[in-house]
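Working notes, structure below.
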Amino acid sequence: MSHAQVLFARMAEHPTDSHTLVMYEATGGYVQARRAMDMTRDEIVELVKTSGLLGRGGAAFSAGLKWSFLAPARPAYLVVNGDESEPGTFKDRQLLERDPHQMIEGIIIASVANEVREAFIYIRGEYPKPARRVQQAIDEAYAAGYLGKGIFGTDYDLDVTVHLGGGAYICGEETALINSLEGKRGEPRLKPPYFPAAKGLYMMPTIVNNVETVSNLPHIFEMGTDDYRALGHATDTGTFLFSVSGHVKEPGNYELPHGITWRELIFDVAGGMREDRGLKAWIPGGASAPWFVPEHHLDLEITKEATGAAGSMLGSGAVVVMDETTCVVKAAERVVRFFSHESCGQCTPCREGTTWLEMILRRIEAGSGRPIDAELLLDVSDNISPGLTWPPKQTTICPLGPSAVSPITSVAKYFADELRQHIVQGGCPLD
Amino acid sequence: MTDLVKITVDGREIEVPAGELVIKAAQDHGTYIPRFCWHPRMKEVGMCRMCLVEIETPRGTILTTSCTTPASAGMVVHTASETTKKAQAGILEFLLINHPLDCPVCDKGGECPLQDQTMAYGPGESRFVEEKRHFEKPIPISDLVFLDRERCILCARCTRFADEIAGDPLIEFKDRGNHTQVQTFPDLPFSSYFSGNTVQICPVGALTASAYRFKARPWDLRRVESSCSHCTVGCSIAVEASRNDVLRFNGVDNDATNQGWLSDKCRFGFEFIGSENRLRTPLIKVDGEFQETTWADALDLVAERLGSIIEEHGGEAVGGIGGARSTNEDAYAFGKFMRTVVGSNHLDAQLDDGLDARFLAGVSPRAKIGDLDHAAAILLWAPDLKEESGSLYLRVRHAVQEGGAKLVVIHPRRTGLDDRATHKLTYRPGQGFGLLADLAGGEGDYAAVLETLSHGPVVAIVGRTGLTEAPELAEAVAGFALGLPDATVLPFARRSNVFGALDMGVAPSLLPGRVAADDAEAMAQLEAVWGPIPTHEARDTLGILEGLAVGDLKALILLGADPVRDVPDATVARRGIEAAEFVVAIDLFLTDTNQLADVVLPAEAFGEKEGTVTNLEGRVQKVNRIVTGPGQSQADWAILDDISRRLSKPLAFASAEAICKEIADVAPAYAGMTWELLEWDEKEGAVVPYGEAVQPLIHHPAAADRKALEAMSRQPSSGAFALHLARTLYDDGVLMRNSLSLHALAPGAAVHLHPEDAGRLGVTEGALVEVKSVDASIRLPAVLDSSLLTGVVYVPFNQPWTPSLGAALSVVVAAGKEVSA
Amino acid sequence: MSLWPADVQERAKELIGRYPDPKSAVMPLLYLAMRQDGYLTEAGMGEVAGWTGHTPAQVQSVATFYGMFKTEPLGQYLVSVCTSISCMLLGGDDVLEAVEEATGVPHGETDAERLFSVEHVECLGACGGAPAVQVNYELIEGSTPDQARALCRWLQDERPEVVNTDDMQERFGGRRSFDWAIAESENAVGPYPAFGPYGTTPGGEV
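Taken in order, these protein sequences are the chains called A, B and C. The letter at position 16 of the first sequence is residue 16 when you use the working numbering, and the numbering goes up by one with no holes. The letter at position 150 of the second sequence is residue 150 when you use the working numbering, and the numbering goes up by one with no holes. The letter at position 21 of the third sequence is residue 21 when you use the working numbering, and the numbering goes up by one with no holes.
Dropping the structure here:
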């Protein structure tokens, strides 16, 4: 394995002090932010567009394009989304803990590009250690004059505030995050009209970028757009952080280019299956993604397009691997339970539907399934996500509800027999 | 004006305002899209998802909520496609899985949107076999409203109303997802003055009103629309009754007035109608005790006593007070009775708590309530609207929040609208003239206020902030306001149909139809119909009471008036009435005042009679009958007509409607006003002068200069406090006394002091303090109130079990050992 | 009128000053309030309402939306066991059972002497080190049922005033999501995240 390490390079080379300002500066830190200070908004936006950087929070939307939508009203705000909570995802945690200055430098670049004087880093409440590391780094950056009044000796003021979440996955949705930051319930807003770039935080133009997205910025500046693009695949530029978990020998975060295959990722990079058991299925891009199975997907290239064409997504890069001992009904129940638990409760289909699905799955797993339940699961799912298509259609304000449908359709598609067995046998056949 | 765009709904092309929400655009053109959370008077939230429709877009057909989608040119909408129908049925199935289906014992059953839409759009059966959500139920969330969280479908109508419309965010969602519930904070109930609206807009039976729970099935209710009688806005309401009992008022959406909302006083203030304390038979006093008698005997007695007093002392020895709680027809009858049958000009519909009658009837240019929506600035120098006129309070709030009007509030104390005010000016009672001079001068801090008011259109709501305030201040304020750009004035007085009564000439200075009593030409025209009208100088309420006290007047006729409770200085009222030789009262209840009368005649109440009323804009609306009055009660006009016959000067009224026709003939501003015009289909009413009619009395208050203003300024006497005496929404008025759900909500008497004054007097919160005025002394608990200026005390007026303090500006406050035992 | 001590009030003002709108400070202040009372009391919510300009009902609405603002009394140690998909696959349910057994506290509850609160939680972002456990939000990765039992016994016997993630990981953890590498000096003092600016660290106010 010899893939270029970019975001993870410093921490690999300097494991115990990659988080300090001294080491960050010793390895070229804050030079790119200083460069950005002398560029115009248009120049920076164009550069980031050209780099092909896609948002790393799950939606994979062009970061440069997102910036270009910023409405002219001021003040504008930057909010860095560190509310990493999708089951299977833990890559932002590593970036926050081990190389916080990399992100802060990215924040300076993004702020200058978007004429932002006040930025917020929203870190999930269950990440106190990452939050502390980031706060230390911010304090160092203030002391060094990289943040605060007149940064880099210019007349540009930039304040950065860490905001801890309170335990709500939905705040990863950018309009919910904005509500949360305004001191409200973290309920997603209606889009339209509340597109953050037009009416975001305090109804002012707001850019919301993921931690990994922002952390890429110094590298784009440093290596230039051509080299940056060359790191990756034609349409998926740069590197990508995969969080691999589940029944593999070597779970962990891996910085990889797009374009390798799932077989390479699971069997080479992640060391193959624990106890060399058979691979049953994997979730290719976080709990929201429909599952893949070895019969169909093992040799598929890992790109946004190929994954989408095969009916799933790379999302936030979380790969959850399940071996042959896994009960898919229980696995589905766990994923559905997550979405039910994390539903904000605004939309009827999500609030009621995800809970209903969870109840049915639990009843089947407990041995009280009815023949009608297999069809009922799909029809309730259809009422949350009409047509059960990919990408999903939604009857809700945000995509959380339809996300809960993915494990159901996956089980129905690939493991209908196992589901039927649960119902016929009155319990789990794998117990 | 908004551009119109063409959209296609279910194959039919319609033209709608660009940007109008699809759900509303479709409804306005006859296509109803089901909904729970969307309410036309609140911001859309797209939560229940019931209004999902298919819309064709350039990127394909999408299923989306019609309540969040603005209409745009060429939009193609399918409200009944197979996909739409399945989605809507799916939503209903989801809503019903946790709904208890206890419809047989639910107040909402039979008028329930969840029931109705399930019938129309829902699946026939549920596939849900799991356990439903459970909550303790029902729980009281205020004195008036119960909450059943199992029935709740989480549409957020109630919570949005509380926050967005009422400005009382005391109920909110609690918890998340499937555990979400509506809740108050512990020990902080939903004690909003507007809580009852949530019951009306709840699309299920989750919120129910304590006054209506289990009282009726909706299909047993009869309903008429009417105009509320609790304040001078005249909100449109639906009055509902079963058998002969009025059981419920609901708000009706009249864009001109209340936009569907009601304060709780109005919503639950129907209880007095069916009170067991209502008068049922005529009463005459024999040896100091009331005895029931027949109408014939009672009327004979009234005619005999009045007749002999008139014969002996002339008609001008008789005074008439009241009419503000009556219909226009009753008030007209009262005025005509006093002036032509009795031969007296001493009559007044106001109880010394109002403003100059010519100002209230004739101020010009006069604003309409709807003008607030388009105002650039609103000057509110009037009573605290939250306490005195709930729906006007909501309308001003709405104008500021949604219309963007800048609000200037001027008042001696905190008011409900301070949180929405761009500028709030606080002053000491008596010093309003000085403040007005400073404001008009625009020096120093006042420059910014004047700047705000220099952008038109300006609407000035002008009234008397408290009962110790000189009525002339309002006139001066209006004079100032009318000098502002594009300014109009909305005159404010509080008692139900007082504007109608004044327009009917029940005032010393007015004749029917907004005519000044000294308008010789108009007088001649009226005499041509009425016959001779006396020419003696007229007295107002205070003048009548003082005249009775010293024997200048001998008799008093009260028409739905309770001076002992409602005249600011109860001592003056009581002294006058006790001195009178003869007092006859036409009323609903045996009030504190009527106890002093010789004859009390039972009258019909709101809901028991037909007629018209006029609100503060001059909007005439119809009130309707739904029940018959108790016992032998009769309409005011009929009683007055009976007395007139016995006095051999028959008014000869045939019916209330006939009186309305006579009004249209003789009252210039009311020309053309007919009951047909006021049919409730349009719900707007008609503002006088209507159509071709003209208003003879045009009162244009002039701006006063600093010198004149400062000359009117008053100070409390040395060492004394300035008293701010003002009404509260719930008080000890006779209608509130007999509306049991509300009477207990009166805040109770207290004396509010600035903390600095309290500190100086050594008074702590709750300590007993003595307040002494010229002829009264009462002991009250202290409340520290930093919204007052120092040197001012606030005492709420007319609270239960509390004697009158009078309305003098100066009061002395004693504390500690100085409080007399 | 605030009931908080002067230094806590200073902290509240400082936190409010970080935002363009005081209402934004509601979550930081809720943590501050938990630090004062050990959990989120009605008085604490009322206090936060006073500082931020929300009504108490609004503060309650916000607080109860989020899982970490607990409005019921909590134990000194909040033990959170992840049972989301990745942890479930590697035995998170068994770890939860072990914690319940060792503490005698079923998930969602607190013992009578308020030593332990136990909960199962959704994903903690430690999937590479599944199954994951947190004590007062300080992380232990790669735990086993036996280690979880030992952790609870240690807490019960030693009653440490503070807990440190490195220390607990060393004693009761296993495989990590990634190399932690950097020593962590900060400790947690109660059932809320330890974060200096919020005054929820051992140096913070009591």
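Glycine included, C-beta positions come from ideal geometry on N, C-alpha and C.
Boundaries of the beta strand (DSSP E) in which residue i is found, first to last residue
i	result
residue 254 of chain A	252-257
residue 60 of chain B	60-65
residue 246 of chain A	239-246
residue 619 of chain B	619-623
residue 178 of chain C	From DSSP, residue 178 of chain C is part of no beta strand (DSSP E); its letter is neither H nor E.
residue 772 of chain B	768-772
For residue j and residue i, the rounded distance between their alpha carbons
i	j	result
residue 295 of chain B	residue 275 of chain B	22 Å
residue 742 of chain B	residue 174 of chain B	29 Å
residue 383 of chain B	residue 193 of chain A	39 Å
residue 357 of chain B	residue 615 of chain B	14 Å
residue 205 of chain C	residue 335 of chain A	At residue 205 of chain C the pLDDT is 49, less than 50, meaning the model places this residue with poor confidence and gives no usable figure here.
residue 205 of chain B	residue 174 of chain C	54 Å
residue 199 of chain C	residue 36 of chain C	10 Å
residue 771 of chain B	residue 756 of chain B	17 Å
residue 489 of chain B	residue 715 of chain B	28 Å
residue 410 of chain B	residue 119 of chain B	53 Å
residue 603 of chain B	residue 583 of chain B	16 Å
residue 345 of chain A	residue 151 of chain C	36 Å
residue 326 of chain B	residue 5 of chain C	60 Å
residue 533 of chain B	residue 340 of chain B	6 Å
residue 650 of chain B	residue 474 of chain B	40 Å
residue 734 of chain B	residue 144 of chain B	20 Å
residue 19 of chain B	residue 61 of chain A	28 Å
residue 498 of chain B	residue 809 of chain B	25 Å
residue 391 of chain B	residue 562 of chain B	25 Å
Bounding residues of the alpha helix (DSSP H) (the contiguous stretch that carries residue i)
i	result
residue 199 of chain B	196-201
residue 527 of chain B	520-530
residue 174 of chain A	174-181
residue 297 of chain A	294-297
residue 78 of chain B	Counting along the chain, residue 78 of chain B falls outside any alpha helix (DSSP H), though it belongs to the beta strand (DSSP E) covering 76-78.
Closer than 7 Å: residue i CB and nearest the ligand NAD heavy atom
i	result
residue 474 of chain B	This structure does not include the ligand NAD; it has no bound ligands of any sort.
Bridge-paired residues (DSSP) for residue i
i	result
residue 81 of chain A	A:122, A:210
residue 7 of chain B	B:14
residue 223 of chain B	B:240
residue 211 of chain B	Its beta-bridge partners do not exist; DSSP assigns none.
residue 138 of chain A	In DSSP, residue 138 of chain A forms no bridge with anything.
residue 157 of chain A	In the DSSP output, where bridge partners are listed per residue, residue 157 of chain A has none listed.
Contact list for residue i against chain F, beta-carbon separation under 7 Å
i	result
residue 359 of chain A	Note that chain F does not occur in the displayed structure, where the protein chains are A, B and C.
> Listed from N- to C-terminal order along the chain, which residues in the region 114-130 of chain C have their beta-carbon within a distance smaller than 9 Å of any beta-carbon of chain A?
Replying inline: 121, 122, 123, 124, 125, 126, 127, 128, 129, 130
>> Short of 9 Å Cβ to Cβ, which residues in the region 27-60 of chain C face chain B?
In response: 42, 45, 46, 49, 54, 55, 56, 57, 58, 59, 60
> Quick one: any contact between the region 86-105 of chain B and the region 350-365 of chain A, if contact means 3 or more CB pairs under 8 Å?
Replying inline: yes
>> Along the region 6-24 of chain C, where does the CB come closer than 9 Å to a CB of chain A? Name the residues.
In response: 18, 19, 20, 21, 22, 23, 24
> For the region 377-398 of chain A, which residues have a CB atom closer than 9 Å to at least one CB atom of chain B, in sequence order?
Replying inline: 379, 380, 382, 383, 384, 386, 387, 393, 394, 395, 396, 397
>> Residues of the region 47-63 of chain B in Cβ contact with chain A at a cutoff of 9 Å, in chain order, please.
In response: 47, 48, 49, 50, 52, 62, 63
> Looking at C-beta atoms only, is the number of pairs between the region 619-629 of chain B and the region 214-228 of chain B that lie closer than 8 Å three or more?
Replying inline: The region 619-629 of chain B makes contact with the region 214-228 of chain B; the number of CB pairs closer than 8 Å reaches 3 or more.
>> If the cut-off is 7 Å on Cβ atoms, which residues from the region 137-165 of chain B count as contacting chain A, listed in chain order?
In response: 154
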